[in-house]
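-15 is the number of the first residue of the sequence shown in our numbering; add one for each residue after it. Presented below is the structure to which this report refers.
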Amino acid sequence: MAKRAAPEINAGSMADIAFLLLIFFLVTTTMDVDTGITRKLPPPVENEDEDIDVKDRNVLKVLINSHDRLLIDGKPGLVSDLKVKAMDFMSIHPGDEEYPEFDVKMIDELGMERDMSKGIISLKNDRGTSYDMYIKVQNELASAFNQMKDDLSVELFGLKYTQLIDKKKIKGINKAIPVRISEAEPEDIGGR
């Protein structure tokens, strides 16, 4: 008996199908983008031996313990109160020793002199603080600074900060209201 010849399979169309499947999966797959908390890091310290003296009245201390309890300037507080407290602390209060000092600085981009607080918000959390509580506190602090930027922008330009298009105006608002949050290394703060 003679052997039959096996029919050839056209492999050209298989490559086309594989290519189309690859394109299909690339188009339909979603890529997760890591998001995080936006913070501008301070510039590197030029002279590490230099001791920077910050007056106690210029610092709002926010502590989160391992039981997710909040201390705002040594007093128990709620996360919902943090935004208002931060905005009040960073506002200018002439002649009041309970609030931070301030300087009058020229903001070239806005073409004006402005009182600027020397206030800093110091955030410290326990190693046992939940991620959820940490994010809530960060959101409230970010919301406070965003609200202050919106208020100044509406006062000067009639638009919220997020609606500004002119880069010079955006830069001026950022200089007038810098986000001053100092975050310390987590440690065992404890919790009662």
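The beta carbon of each residue, even a glycine, is placed where N, CA and C say it ideally should be.
- Counting other Cβ atoms within 10 Å of its Cβ, residue 10 stays below 16 and is therefore classed as exposed.
- When the alpha-carbon of residue 44 is set against those of -3, 67, 99, 0, the nearest one is in 67.
- When the alpha-carbon of residue 170 is set against those of 136, 123, 157, 109, the nearest one is in 109.
- For residue 55 and residue 87, the gap between their C-alpha atoms comes out near 28 Å.
- Considering only 6, 52, 8, the residue with the shortest C-alpha distance to residue 111 is 52.
- Note: residue 117 is not bridge-paired with any residue in the DSSP secondary-structure output.
- Bounds of the alpha helix (DSSP H) holding residue 154 are 151 to 160.
- Assignment of beta-bridge partners to residue 98 by DSSP yields 89.
- The continuous beta strand (DSSP E) containing residue 108 extends over residues 104 to 109.
- The Cβ neighbour count for residue 124, taken over all protein chains shown within 10 Å, is at least 16; the residue is labelled buried.
- In this structure the segment 76 to 90 does not lie against the segment 133 to 151, because fewer than three pairs of beta carbons, one per stretch, are closer than 8 Å.
- Around the beta carbon of residue 101, 16 or more other beta carbons lie within 10 angstroms, which makes this residue buried.
- Here residue 133 has 145, 157, 161 as same chain residues with Cβ atoms under 7 Å from its own Cβ, once five neighbours each way along the sequence are excluded.
- Spanning the alpha carbons of residue 15 and residue 98 requires a straight line of approximately 44 Å.
- Residue 13 is classed as exposed because its beta carbon has fewer than 16 other beta carbons within 10 Å across all chains shown.
- As computed with DSSP, residue 171 is found in a beta bridge with 110.
- Taking the Cβ atoms as the reference, residue 46 lies roughly 14 Å from residue 119, outside the contact range of under 8 Å.
- Remark: C-beta atoms of residue 70 and residue 129 approach each other more closely than 9 Å.
- Using a 10 angstroms sphere on the CB of residue 148, the tally of other CB atoms reaches 16 or more, which defines it as buried.
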